[in-house]
Structure formats: C-alpha cells, structure tokens
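Asks: Same order as they appear, the protein sequences are chains A and B.
Residue numbering for the first sequence follows full-length UniProt numbering, beginning at 1 and increasing consecutively.
Residue numbering for the second sequence follows full-length UniProt numbering, beginning at 1 and increasing consecutively.
Here you go, one structure.
Protein chains: 2
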Amino acid sequence: MKAEIIAVGTELLLGQIVNTNAQFLSQGLAGLGIDVYFQTVVGDNAQRLRQAIEVARTRADFILFTGGIGPTQDDLTKDTLADYLGRQLLIHEPSMSKIEHFFSSRGSHMVESNRRQANMIEGSVPLANETGLAVGNAIVQDGTLYALLPGPPREMKPMFNGPLRQWLIDVSGQHNLLYSRILRFAGIGESSLEAELIDIIDGQTDPTVAPYAKEGEVVIRVSTKAGSAVEALGKIDRTVALIRERVGQYMYAEEDIPLEEAVLRKLRDKRLKLSCAESCSGGLLSELITSVPGSSGEFLGSIVTYTNTMKHKLLGIPLSQLEGPGAPGAISESTAQLMAQRVNELTGSDWGIAITGVAGPTESEGKPVGLVYIALARRGGETTVHSMKWSGNRSSVRIRSAKTALYRLWELLKDET
Amino acid sequence: MKAEIIAVGTELLLGQIVNTNAQFLSQGLAGLGIDVYFQTVVGDNAQRLRQAIEVARTRADFILFTGGIGPTQDDLTKDTLADYLGRQLLIHEPSMSKIEHFFSSRGSHMVESNRRQANMIEGSVPLANETGLAVGNAIVQDGTLYALLPGPPREMKPMFNGPLRQWLIDVSGQHNLLYSRILRFAGIGESSLEAELIDIIDGQTDPTVAPYAKEGEVVIRVSTKAGSAVEALGKIDRTVALIRERVGQYMYAEEDIPLEEAVLRKLRDKRLKLSCAESCSGGLLSELITSVPGSSGEFLGSIVTYTNTMKHKLLGIPLSQLEGPGAPGAISESTAQLMAQRVNELTGSDWGIAITGVAGPTESEGKPVGLVYIALARRGGETTVHSMKWSGNRSSVRIRSAKTALYRLWELLKDET
Numbered sequence: 001m002k003a004e005i006i007a008v009g010t011e012l013l014l015g016q017i018v019n020t021n022a023q024f025l026s027q028g029l030a031g032l033g034i035d036v037y038f039q040t041v042v043g044d045n046a047q048r049l050r051q052a053i054e055v056a057r058t059r060a061d062f063i064l065f066t067g068g069i070g071p072t073q074d075d076l077t078k079d080t081l082a083d084y085l086g087r088q089l090l091i092h093e094p095s096m097s098k099i100e101h102f103f104s105s106r107g108s109h110m111v112e113s114n115r116r117q118a119n120m121i122e123g124s125v126p127l128a129n130e131t132g133l134a135v136g137n138a139i140v141q142d143g144t145l146y147a148l149l150p151g152p153p154r155e156m157k158p159m160f161n162g163p164l165r166q167w168l169i170d171v172s173g174q175h176n177l178l179y180s181r182i183l184r185f186a187g188i189g190e191s192s193l194e195a196e197l198i199d200i201i202d203g204q205t206d207p208t209v210a211p212y213a214k215e216g217e218v219v220i221r222v223s224t225k226a227g228s229a230v231e232a233l234g235k236i237d238r239t240v241a242l243i244r245e246r247v248g249q250y251m252y253a254e255e256d257i258p259l260e261e262a263v264l265r266k267l268r269d270k271r272l273k274l275s276c277a278e279s280c281s282g283g284l285l286s287e288l289i290t291s292v293p294g295s296s297g298e299f300l301g302s303i304v305t306y307t308n309t310m311k312h313k314l315l316g317i318p319l320s321q322l323e324g325p326g327a328p329g330a331i332s333e334s335t336a337q338l339m340a341q342r343v344n345e346l347t348g349s350d351w352g353i354a355i356t357g358v359a360g361p362t363e364s365e366g367k368p369v370g371l372v373y374i375a376l377a378r379r380g381g382e383t384t385v386h387s388m389k390w391s392g393n394r395s396s397v398r399i400r401s402a403k404t405a406l407y408r409l410w411e412l413l414k415d416e417t
Numbered sequence: 001m002k003a004e005i006i007a008v009g010t011e012l013l014l015g016q017i018v019n020t021n022a023q024f025l026s027q028g029l030a031g032l033g034i035d036v037y038f039q040t041v042v043g044d045n046a047q048r049l050r051q052a053i054e055v056a057r058t059r060a061d062f063i064l065f066t067g068g069i070g071p072t073q074d075d076l077t078k079d080t081l082a083d084y085l086g087r088q089l090l091i092h093e094p095s096m097s098k099i100e101h102f103f104s105s106r107g108s109h110m111v112e113s114n115r116r117q118a119n120m121i122e123g124s125v126p127l128a129n130e131t132g133l134a135v136g137n138a139i140v141q142d143g144t145l146y147a148l149l150p151g152p153p154r155e156m157k158p159m160f161n162g163p164l165r166q167w168l169i170d171v172s173g174q175h176n177l178l179y180s181r182i183l184r185f186a187g188i189g190e191s192s193l194e195a196e197l198i199d200i201i202d203g204q205t206d207p208t209v210a211p212y213a214k215e216g217e218v219v220i221r222v223s224t225k226a227g228s229a230v231e232a233l234g235k236i237d238r239t240v241a242l243i244r245e246r247v248g249q250y251m252y253a254e255e256d257i258p259l260e261e262a263v264l265r266k267l268r269d270k271r272l273k274l275s276c277a278e279s280c281s282g283g284l285l286s287e288l289i290t291s292v293p294g295s296s297g298e299f300l301g302s303i304v305t306y307t308n309t310m311k312h313k314l315l316g317i318p319l320s321q322l323e324g325p326g327a328p329g330a331i332s333e334s335t336a337q338l339m340a341q342r343v344n345e346l347t348g349s350d351w352g353i354a355i356t357g358v359a360g361p362t363e364s365e366g367k368p369v370g371l372v373y374i375a376l377a378r379r380g381g382e383t384t385v386h387s388m389k390w391s392g393n394r395s396s397v398r399i400r401s402a403k404t405a406l407y408r409l410w411e412l413l414k415d416e417t
C-alpha cells in the first residue's frame with residue numbers, strides 16, 4: 001500500500017512550527033509495513049487543500065491527513081474532504097455529548113464553533129480522541145483509504161496508535177504483517193552504537209535493523225514481515241541475541257519505554273526509593289521521572305537548588321564548600337557528592353542522585369559550559385561521581401545530564417543484588 | 001510569488017529524520033515576502049521526484065529543492081531536474097577544483113562519485129557552498145524559478161542566507177517585504193481568543209491576523225507587506241492596538257518569548273525572587289523556569305514533594321493536614337496554600353508558587369484526575385489559591401497546571417507596584 005501524508009496548517013508553511021507529525025506518522029506507517037511515498041504540507045485554504053487531495057489521489061492508496069479538524073474557522077479538512085468525496089457532514093452524537101459535557105462540567109460557556117469538532121463525514125468510521133475533543137474520521141471510497149487525525153501531537157499520537165492502527169489492520173486485510181521489536185540504549189552515542197553493529201545493520205535484510213537517535217538515548221528497531229507471530233518472533237530473537245552479545249551492556253530495555261521508566265521498574269523490583277538534588281538540571285530530572293505514571297511509588301521528591309544560599313539552606317551544604325578562596329565551589333565533584341548524600345539523608349531514600357554543572361550559555365565559577373558532575377549516593381554505601389564534558393546548547397546539556405544520571409543509576413541497580 | 005519546497009530524501013519518508021529544513025526555508029521565504037503554498041517530501045527516486053516537479057510546476061512560480069545533490073548514487077535531484085528541463089549536466093570547474101583540492105590536501109583517496117557534486121544544470125547560476133562540497137544551482141525557465149540546495153542543514157542554511165537570497169532578490173526584483181509581530185497569550189484558550197477577535201481575524205486582509213495554539217498558550221501573528229519598516233510598523237501598531245483593547249489582559253508579550261521568560265523579566269524589574277513547591281507537576285514548573293538562560297537571577301529553587309511524608313519532612317506541612325479522618329488531604333486548597341507559604345519561608349523568596357493535584361492516570365485521595373490547586377503566596381502579603389479541573393492526560397494536566405501557575409503570577413506581578 002502506498003501512502004501520502006497531508007499535513008494541513010498555515011503555521012507549517014510559515015515555518016512557525018516544524019512538521020514532527022510527518023515524522024511520527026511515517027515511522028508508524030513503516031511499522032505497519034505501509035510505504036510512505038510523499039509527504040505534503042498545505043495551508044488552511046480549502047481550494048489548495050482540494051488541489052492537494054486531487055494530486056494525492058493519483059499517486060497514493062491511502063491518504064492520511066493531520067490537522068485542520070479543530071473548532072476554528074480555519075479548520076477545513078473535514079469540510080473539504082467531504083466536499084471532494086461528495087458526502088455530507090453529519091454530527092457524531094457521542095462526540096457532541098462529550099464536548100457539551102466538557103464545557104458544562106467546567107461551568108464555562110461553550111463557543112458555538114466547538115460543535116464543529118463532532119463533525120463526521122457521512123459513512124466514515126469515527127476515531128475516538130482520548131486526549132481532546134475533535135473526533136477523527138476514516139473512510140474508504142473507490143478503493144482509496146482516507147483518514148483524518150488532529151494536528152496537536154498529544155491528540156494525534158494516541159489516535160494513530162489506537163483506533164486508526166486497528167482500522168488499518170482491519171481494512172487492509174494484510175496477511176504478511178510487519179512485526180518489530182524496539183531495543184532501547186543509553187550511555188552510548190548513536191554513531192558509536194552504529195559502528196559496533198555496522199555489519200549487522202548493513203548485512204541483514206530480514207529482519208532489518210534500523211538505529212535512530214532520541215535525546216540522550218538511542219533506539220534500534222528490528223523488523224520483519226512474517227505470516228505468523230511465532231515465525232516473526234524466532235527471526236527477531238536471533239537478531240536481538242546478536243545485538244545483545246555486542247552491546248548488551250547499554251541495552252536497558254527490549255521494549256519501547258523511556259530510560260526513566262526502566263529505572264523506576266528496577267527500583268520497584270528491589271523495593272528501593274529515590275530522591276534527587278538538582279542544580280543545573282533545574283528540575284528536569286524530576287520532571288522526567290514523574291512523567292511516568294505511578295512514579296510516586298518509588299520517587300520521593302527532589303530539591304532544586306539554583307543558588308549557593310539554597311544549597312546551604314535546603315541541603316545543608318557548608319558555605320565554606322561553595323564560596324570563598326580555595327573552596328571547591330558549587331560545580332565540583334565534592335559538592336555533587338555532598339548533594340547526593342544530603343538529599344538521601346533528608347528524604348530517607350535509598351538512592352540519591354545529584355546533578356551540578358554549567359548548562360550555559362555562559363560559564364560559571366570560571367568553569368566552562370558543559371562541565372557537569374553527576375553523583376549517585378547509596379544509603380549506607382558508596383557514592384560515585386561522574387564528570388561529564390558536554391558540547392551543545394543549554395537544553396542539550398540539561399537533557400543529556402539527566403539521562404546520563406538515570407543510565408548510571410540503572411547500571412548500578414543492575415549489579416545490586 | 002508562490003513557492004513550493006520539495007525536500008528530497010527517503011530518510012524523511014521513513015521518519016528517520018524530521019524535516020526541519022522545510023521550517024527554516026519557510027521562515028526564510030516568509031522573511032523575503034515569498035508565500036509558501038506547499039511543502040512536499042519525496043524519496044530518492046527519479047520517477048517520483050519528476051512527478052513531484054510536474055505537480056509543483058502547475059501550482060508554484062518558485063520551486064525550491066533541498067537534498068539529493070550529494071555524491072552518492074541516491075543523489076538524483078540535479079539529474080532529474082536537468083532531464084525535466086531538457087538541459088545537459090555540465091561540470092562547474094571551480095567546484096571541481098575545490099573537491100579535488102579537498103581530498104588531495106588531506107592525502108585521502110577521492111571516490112569517483114564525489115565529482116558529481118560539481119555538476120551544474122546547463123545555464124544555471126552556481127550557488128557557492130561555504131561549508132561543503134556540493135555546489136547549488138539556480139535557474140529560471142519559462143517564468144518558473146528553480147533552486148537546488150543541499151540537504152544537510154549546516155550546508156543548506158548558509159547557501160540560502162547568502163547566494164540564494166541574493167539571487168532571489170535580483171531575479172524577482174521585489175521591493176515589498178513581509179513584516180510581522182508575534183503576540184503571546186496565556187490564561188485563555190485558542191477558541192475563546194478567536195471568538196473574541198473573530199471579526200478582526202476574518203475582516204482584516206492587511207495586516208493579516210493568524211492565531212495558533214501552543215501547549216498551554218496561544219500565539220497570534222500579525223503580518224503585513226510593506227515598502228518600508230516604518231510603513232509596516234504603523235499598520236501593525238494599529239492592529240495590535242485593536243487586539244489589545246479586546247484581550248489585552250491575556251497578552252503577556254508583544255514578542256516571541258515563552259510565558260516563563262515574561263514572568264522572569266517582571267520579577268527582575270521588580271527585584272523579586274521566586275521559589276516553588278511542586279507535587280503533581282513533579283518538577284515541570286522548575287524545569288520550565290530554568291530552561292530560560294539567566295533564570296538563576298530570580299529563581300531560587302524548588303521543593304518537589306511526591307509523597308505526604310516528604311510534604312511533612314521537607315516543607316513542614318503537619319501530617320494532620322495531610323492524612324487521617326477529616327484531614328483536608330494533600331490535594332486541597334489549604335495544603336496548596338501551606339505549601340506556597342512554607343516554601344517562601346524556607347527559601348526567603350518574595351513569591352512562592354505551589355501546585356498540588358491529580359495528574360492521573362488514576363484518581364488519588366478519592367479526588368478526580370485533573371483536579372489541581374495552584375497557590376501563590378506573597379511574602380508578608382496574601383496567598384491566593386486557584387482550583388482547576390482539567391480534562392486530558394497526565395502530560396497535559398501537568399503542562400497546563402504549570403503554565404496556569406505562571407500566568408497567575410504574571411497577572412499578580414502586573415498589578416504589583
């Protein structure tokens with residue numbers, strides 16, 4: 001099946017936002033064994049959108065729209081596609097009830113245009129929106145598949161992964177399905193990982209082995225088309241075993257979970273509690289950890305200290321450690337160590353992580369941008385400190401520091417009996 | 001002039017990389033007053049690339065290619081466009097010398113295919129590549145403009161900003177440039193903001209007024225084409241004044257900065273310090289604030305308490321407030337208030353923000369997902385508490401709570417003398 005993704009939104013054509021939806025959907029369709037031949041972006045303009053549909057119709061069997069199904073007058077995708085297909089727009093009653101309930105439960109006035117989000121193209125299948133109000137649509141006409149997803153990623157992703165994925169499997173009736181397994185790595189860069197595996201990546205055509213980088217992590221997708229899950233599993237297992245042999249020490253999960261979730265699971269297994277003391281990461285480490293549902297079982301809390309006075313007041317680090325001639329300073333191995341130990345004591349956690357360094361854009365204490373100390377303190381045990389020298393901007397220094405802290409903890413937990 | 005951007009590369013269609021080039025080029029063309037009507041992505045396939053050119057030819061006056069001009073057999077853009085235009089490929093001698101010199105000066109063997117990077121479409125203008133080896137091309141045929149840029153951003157950007165920009169100004173002879181101003185809003189949803197301004201948005205063609213949503217915020221772009229900056233400014237000022245009159249109370253900046261930066265600037269002006277106590281937002285509020293460079297001037301720190309014991313130990317909230325029959329519980333107006341006041345006292349800040357609530361996915365203390373209390377405590381002054389009922393998933397509840405806390409502080413700071 002040949003697919004074309006049409007992203008609708010003038011903000012994309014003005015360069016105000018980047019089309020990350022096209023990337024997500026391309027990956028998702030590849031995962032279903034559907035080839036994307038074209039991606040198109042068109043503005044919030046009915047005439048040009050119709051033109052784009054006409055073009056896509058000549059070169060694709062599946063046209064996947066994202067954007068333009070919200071409440072405003074600019075949101076024209078359903079209207080335009082309905083018109084192109086010669087169908088009416090109807091109201092999807094469950095969605096309308098949901099919209100009305102949404103506003104009435106907040107006691108807020110509903111702007112009339114919000115009703116547009118319950119629109120359905122006559123004869124289409126509704127795609128439920130778990131995280132928003134606009135219902136998606138999917139329809140087959142004259143052998144071409146059409147699906148409409150919202151533009152905001154937090155609504156689009158669950159709709160793609162849930163109801164649209166199921167509809168595609170049902171409608172396309174594919175027998176040789178694509179099976180894949182995600183392997184997730186940390187503590188190693190993409191190019192180093194690729195260098196270790198280059199013969200496997202280049203040499204294997206079935207399963208295929210495709211690495212790609214995420215912020216502070218690397219992901220490998222091992223994929224094969226097979227007639228049954230059993231057949232696919234056997235092929236995938238053999239390839240994963242080859243990969244594990246080479247770079248198993250960096251592989252923190254054989255499924256698609258972020259590093260913070262892998263760490264939380266290990267803590268849960270061992271009934272251990274975690275707390276953090278953050279300086280240059282400014283709360284990012286806690287934010288990553290608490291983004292995982294259920295993290296309150298293992299994560300106690302974090303003390304974010306953004307000044308020396310706070311390191312003294314909230315963490316009890318002696319001021320003589322932080323300031324004055326000959327003091328190691330806030331950005332030092334010994335301060336990182338003290339921060340990790342102190343937060344452990346204050347919270348009563350089993351593991352304390354501390355991050356202190358220079359996120360930039362300017363140096364601090366005469367120390368260069370990118371210098372970061374990460375300390376991991378075990379209650380009643382040792383404290384280890386890692387010194388990192390990152391290149392890259394403020395945001396990249398912060399995320400890589402937080403991910404490295406998590407990776408180092410994961411490593412230590414793996415060895416802890 | 002109507003432009004279409006064609007990005008060439010199978011890696012884009014597989015979702016291995018995101019098309020940031022399209023964003024950069026769209027912004028750059030908007031800055032030159034050139035309207036981008038379509039963005040297209042096509043793989044490294046001559047037949048489908050030719051198809052894309054044929055489509056673009058019917059709807060654009062300027063077709064801007066990026067990608068596919070490197071050394072490999074996959075790099076087909078020059079070959080395909082030359083063939084489409086009925087022109088030969090020639091060698092650009094200065095580029096060829098540069099390529100040969102590049103390899104000989106490093107003493108490394110030159111793979112023959114590297115010569116392809118010196119190819120020029122007969123009759124085209126060469127666009128110098130400051131940061132790489134592949135020469136760009138620009139040509140006009142039958143009234144349509146064509147330009148070819150490399151795919152790697154570090155080669156593409158200087159070629160666009162330098163030689164291509166100059167060529168476009170020369171060839172198109174444009175005098176009217178596009179000017180625009182970004183207005184940023186918080187504390188109001190996109191559809192409500194649009195409802196307030198619908199006559200302005202629909203009625204104005206010069207300047208144009210375009211709203212779009214960001215997570216927890218709304219942005220409006222006011223744009224006009226004018227012969228001079230003075231003329232443009234006058235037109236934009238008049239429209240911004242109309243908007244300010246209607247919804248000024250939600251407009252936190254007349255430039256493109258995030259809410260957290262606007263809050264930090266207000267704090268700086270008034271020489272005030274901020275600290276936070278976070279429960280369900282788990283560090284996200286601190287992370288947002290500290291993502292702004294220089295935030296250490298106003299932000300002291302944050303105490304993230306993810307359990308009742310931590311609220312008691314680290315913030316000194318009485319356990320009787322949090323647990324037991326008749327206790328208000330951690331998710332309550334009075335706990336939010338105490339958290340904000342306590343963090344103010346502990347850190348010595350002027351403003352303390354607290355967030356406590358249920359981010360989900362499951363309820364807590366028998367209270368529903370989405371119920372969040374936000375408290376703002378002024379040292380030596382009042383504490384205000386807002387109760388929110390969000391719909392949406394964990395991530396959305398967290399981000400909207402953090403942004404709302406910042407908006408409420410911005411409001412209070414605006415009124416504080």
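Using N, Cα and C, we set each Cβ at its ideal position, and we do this for glycine too.
Among B:P258, B:S302, B:T307, B:T10, which one has its Cα closest to the Cα of V292 of chain B?
Replies: When each option's Cα is compared against that of V292 of chain B, the closest is B:P258.
Asks: Are the C-beta atoms of Y212 of chain B and some chain A residue less than 8 Å apart?
Replies: So yes, Y212 of chain B belongs to the interface.
Asks: For Y306 of chain A, which of helix, strand or coil comes out of DSSP?
Replies: Three-state DSSP puts Y306 of chain A in coil, outside helix and strand.
Asks: With contact counted as at least three CB pairs below 8 Å, one residue from each stretch, are the region 178 to 186 of chain A and the region 215 to 223 of chain A in contact?
Replies: At 8 Å Cβ cutoff, the stretches touch.
Asks: For chain A, check one thing: does any of its Cβ atoms lie closer than 8 Å to the Cβ of K313 of chain B?
Replies: So yes, K313 of chain B belongs to the interface.
Asks: Using C-beta distances below 7 Å, list every residue in its chain close to S124 of chain A, excluding the 5 sequence neighbours before and after it, in chain order.
Replies: Correct list, in chain order: N137, A138, I139.
Asks: Roughly how many whole angstroms lie between the Cα atoms of R246 of chain A and G28 of chain A?
Replies: Near 28 Å, if we compare the C-alpha coordinates of G28 of chain A and R246 of chain A.
Asks: Which residues in chain A have a C-beta closer than 8 Å to the C-beta of A195 of chain B? List them in chain order.
Replies: The answer, in chain order, is V111, S113.
Asks: Let me make sure I understand the geometry here. Which of B:L272, B:E323, B:L284 has the alpha-carbon closest to that of N344 of chain B?
Replies: N344 of chain B has its Cα closest to that of B:L272, out of B:L272, B:E323, B:L284.
Asks: How big is the Cα-Cα spacing for D44 of chain B and L145 of chain A?
Replies: Approximately 25 Å, taken between the alpha carbons.
Asks: Does any CB atom of chain E fall closer than 8 Å to the CB of R268 of chain B?
Replies: Annotation note: the requested chain E is absent from the structure, which comprises protein chains A and B.
Asks: Between which residues of its own chain and T239 of chain B is the CB-CB distance below 6 Å, once the five residues before and five after are set aside?
Replies: Same-chain partners within the cutoff: P207, V222.
Asks: Using three-state DSSP, classify G301 of chain B as helix, strand or coil.
Replies: Correct three-state label for G301 of chain B: strand.
Asks: Let me know the secondary structure DSSP gives Q88 of chain A once reduced to three states.
Replies: If DSSP states are grouped into helix, strand and coil, Q88 of chain A belongs with coil.
Asks: With C-beta atoms as the reference, is A134 of chain A less than 8 Å away from I69 of chain A?
Replies: Cβ atoms of A134 of chain A and I69 of chain A: closer than 8 Å.
Asks: Which residue comes first and which comes last in the beta strand (DSSP E) that contains W390 of chain A?
Replies: Segment: none, W390 of chain A is in no beta strand (DSSP E) and carries neither H nor E.
Asks: If you compare alpha carbons, which of B:L76, B:D35, B:T362 is closest to Y179 of chain B?
Replies: Ranking the options by Cα distance to Y179 of chain B, first place goes to B:D35.
Asks: Does DSSP put T40 of chain A in a helix, in a strand, or in coil?
Replies: Correct three-state label for T40 of chain A: strand.
Asks: Between S296 of chain A and chain B, is there a C-beta pair that is closer than 8 Å?
Replies: Closer than 8 Å to some Cβ of chain B, the Cβ of S296 of chain A qualifies, so yes.
Asks: With a threshold of 8 Å between beta-carbons, can A22 of chain B be considered close to chain A, or not?
Replies: It does: the Cβ of A22 of chain B has a partner Cβ on chain A nearer than 8 Å.
Asks: Just the C-alpha distance for residue 427 of chain B and G297 of chain A, rounded to the nearest angstrom, thanks.
Replies: Because residue 427 of chain B is not part of the residues shown, which for chain B are 1 to 417, the question remains open.
Asks: Which whole-angstrom value is the C-beta distance of E194 of chain A and P211 of chain A, which I expect to be below 8 Å?
Replies: E194 of chain A to P211 of chain A, Cβ: 6 Å. Contact.
Asks: Can you find a CB in chain B that lies within less than 8 Å of the CB of V55 of chain A?
Replies: Judged by the 8 Å Cβ criterion, V55 of chain A is in contact with chain B.
Asks: Contact criterion: CB-CB distance below 8 Å. Does T72 of chain B meet it with respect to chain A?
Replies: It does not: the Cβ of T72 of chain B has no partner Cβ on chain A nearer than 8 Å.
Asks: If you draw a straight line from the C-alpha of G392 of chain B to the C-alpha of Q16 of chain B, how long is it?
Replies: Rounded to the nearest angstrom, the two C-alpha atoms are 29 Å apart.
Asks: Please look up how many angstroms separate the CB atoms of residue 420 of chain A and T72 of chain A, rounded, as I've assumed it's under 8 Å.
Replies: Outside the modelled stretch of chain A, which goes from 1 to 417, sits residue 420 of chain A, for which no answer is possible.
Asks: Can you tell me which of B:L85, B:V41, B:A213 puts its alpha carbon nearest to the alpha carbon of E122 of chain B?
Replies: Considering only alpha carbons, the answer is B:L85.
Asks: Closer than 8 Å, CB to CB, is F38 of chain B near chain A or not?
Replies: Chain A contact via Cβ: present.
Asks: Using three-state DSSP, classify G287 of chain A as helix, strand or coil.
Replies: Before going on, a small fix: residue 287 of chain A reads as Glu here, not Gly. In the structure shown, E287 of chain A sits in a helix (DSSP, three-state: H, G or I).
Asks: Alpha carbons only, please: which of A:I289, A:Y306, A:T307, A:T305 is nearest the one belonging to F299 of chain A?
Replies: Here the closest residue by C-alpha is A:I289.
Asks: In chain B, what lies closer than 9 Å to V42 of chain A by C-beta?
Replies: Y37, F38, Q39, listed in chain order.
Asks: How is D75 of chain B classed by DSSP in three states: helix, strand or coil?
Replies: It is coil, neither helix nor strand.
Asks: Starting from G28 of chain A and walking both ways along the alpha helix (DSSP H), at which residues does that stretch end?
Replies: Segment 20 to 31, the alpha helix (DSSP H) holding G28 of chain A.
Asks: What is the DSSP secondary structure of N137 of chain A, reduced to helix, strand or coil?
Replies: N137 of chain A falls in the strand class under three-state DSSP.
Asks: Answer with buried or exposed for V209 of chain B, where buried requires no fewer than 16 other C-beta atoms within 10 angstroms of its C-beta.
Replies: Answer is buried; the Cβ neighbour count reaches 16.
Asks: Decide if the region 332 to 344 of chain B is in contact with the region 366 to 384 of chain B; the criterion is three or more beta carbon pairs, one per stretch, under 8 Å apart.
Replies: The answer is yes - the region 366 to 384 of chain B touches the region 332 to 344 of chain B, with three or more Cβ pairs under 8 Å.
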